[in-house]
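Novice:
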Amino acid sequence: MKIAIVLPRGMHFGPEGATSIDLVTRDLLSHSRFRDSTTVLGEAVAIPFPGVAFQAVDGTSQKDLTRGYARALRHLQPDVIVVHQHPETAAALARQLAGTPVILHRHGLLKEKRSGLSRWLKSRLFRRLSLIVFVSDFIEDRFLTQFPGLAGRTTVIVNGVDMQVWAPSEKDRTIAYVGRAREDKGLLPLINAFTDLSKHPAASGWGLELVLGVQTEAEEAFADRLEALAARKSGIRIRRNLPSTEVRDTLARASIAALPSIVREGFPRAVVEAMACGCATIATAQGGTLEAAGDAALLLDNPSAPDFKDRLRHALLGLIENDPHRQELGQHARTHAEATLGIAAVAARYDALLASAARVG
Numbered sequence: 001m002k003i004a005i006v007l008p009r010g011m012h013f014g015p016e017g018a019t020s021i022d023l024v025t026r027d028l029l030s031h032s033r034f035r036d037s038t039t040v041l042g043e044a045v046a047i048p049f050p051g052v053a054f055q056a057v058d059g060t061s062q063k064d065l066t067r068g069y070a071r072a073l074r075h076l077q078p079d080v081i082v083v084h085q086h087p088e089t090a091a092a093l094a095r096q097l098a099g100t101p102v103i104l105h106r107h108g109l110l111k112e113k114r115s116g117l118s119r120w121l122k123s124r125l126f127r128r129l130s131l132i133v134f135v136s137d138f139i140e141d142r143f144l145t146q147f148p149g150l151a152g153r154t155t156v157i158v159n160g161v162d163m164q165v166w167a168p169s170e171k172d173r174t175i176a177y178v179g180r181a182r183e184d185k186g187l188l189p190l191i192n193a194f195t196d197l198s199k200h201p202a203a204s205g206w207g208l209e210l211v212l213g214v215q216t217e218a219e220e221a222f223a224d225r226l227e228a229l230a231a232r233k234s235g236i237r238i239r240r241n242l243p244s245t246e247v248r249d250t251l252a253r254a255s256i257a258a259l260p261s262i263v264r265e266g267f268p269r270a271v272v273e274a275m276a277c278g279c280a281t282i283a284t285a286q287g288g289t290l291e292a293a294g295d296a297a298l299l300l301d302n303p304s305a306p307d308f309k310d311r312l313r314h315a316l317l318g319l320i321e322n323d324p325h326r327q328e329l330g331q332h333a334r335t336h337a338e339a340t341l342g343i344a345a346v347a348a349r350y351d352a353l354l355a356s357a358a359r360v361g
């Protein structure tokens, strides 16, 4: 069975600068029984992930890129097409390659349509698709609230991780953040909480390491702002666009992972990776984070509240001051990830879904 995987604009399917969508794509494919008959289509990168058939497609806009995808897919003639994240691209390809099943793999919330007409138009777009895969029950539930008539066309497959790759090493006095360089990820409250915390005697010797994904001009500007802020403080280290192996090494040795996103994440990969690496993990109690973390992380409510920085500082201090509790939470996080998020089981379910879609198509 031949499979084509289509990435949206702005992805980076390679070891340096990969987004969470790129990593999910890579991991599912690496553990797929269809790996040798699958091609990933995306924008050109200098060094793609090794061991994967990757085809670069040019496009100055998403529409232009979609036209390039359609041309490439007509040549590839896959049995099933998976389009990550972008529903308009998925619908356009389903229309242009009629007869080939198209699956949309959605990682985040869709913008809610307020008017009945806009929901009807969007529903027509989704009905062109064979299936819509969501990464959490949270996203699927929000989608079906708007489009209840599409209940038979959706399913949930969570983001898994390779537990042999993402594993703890000897822990040091590091608090780690891994994620995009965006203000809505809670980075400013985190930096301010750490700055206040560093004045406490128990926090002596602890450092904050920010591993930032920087893909857009806005993210680059915000990363510059964070670096200027960190330069006036002590104990903060910022690194940009690390290879995934260095991201893994950072989490493997970090004792605490702080991922205080203000937005409602779909199913945050960084939280899953941190727990797999045995970090005592602090995140926010909203969106798909609740499903990813279960009872194996400290989840803070209402991250938009004025006192969020103080509550974050209190949570960090509680873990720093109590070594047994911090270690126990890290071990529980690892056990939870192994039991529920292993990539082999997730990829097997994904393969079954693709095979079923191809037979229906």
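In terms of full-length UniProt numbering, the sequence shown opens at residue 1 and continues consecutively.
Just so you know, even glycine gets a beta-carbon here, dropped at the ideal spot from N, CA and C.
(1) Once DSSP output is grouped into helix, strand and coil, what is the label at F54?
(2) Let me check one thing: in DSSP terms, what residues is P243 bridge-paired to?
(3) Is it the case that the Cβ atoms of A257 and A176 are separated by a distance below 9 Å?
(4) What number of angstroms, rounded off, separates the C-alpha of L341 from the C-alpha of G68?
(5) I need the boundaries of the beta strand (DSSP E) containing F134, first residue and last residue.
(6) Inspect the beta-carbon positions of T250 and P15 and report whether they are closer than 9 Å.
(7) L73 to F49, Cα distance in whole Å?
(8) If you check the beta carbons only, do T154 and F138 fall under 9 Å apart?
(9) Mind listing, in chain order, the continuous beta strand (DSSP E) runs of no fewer than 3 residues lying wholly within the stretch 56-110?
(10) What would DSSP say about T289, mapped onto helix, strand or coil?
(11) Tell me the DSSP bridge mates of G207?
(12) Of the residues V6, L298, P189, which one's Cα is nearest the Cα of L210?
(13) In three-state DSSP terms, what is R9?
(14) Please confirm if the stretch 326-340 is in contact with the stretch 301-311, defined as three or more CB-CB distances below 8 Å between the two stretches.
(15) What would DSSP say about T216, mapped onto helix, strand or coil?
(16) Can the beta-carbon of A333 be found less than 9 Å from the beta-carbon of A252?
(17) Under 9 Å between the Cβ atoms of A283 and T289?
Specialist: Well, looking at it:
(1) strand
(2) E16
(3) Cβ atoms of A257 and A176: closer than 9 Å.
(4) Pairing L341 with G68, the inter-Cα distance amounts to about 35 Å.
(5) 131-134
(6) Result no, Cβ atoms of T250 and P15 do not sit closer than 9 Å.
(7) Going from the Cα of L73 to the Cα of F49 covers about 21 Å.
(8) no
(9) Complete beta strand (DSSP E) runs here, min 3: 80-84, 102-106.
(10) helix
(11) T174
(12) Selected option, being the one with the closest Cα: P189.
(13) coil
(14) no
(15) coil
(16) no
(17) Yes.
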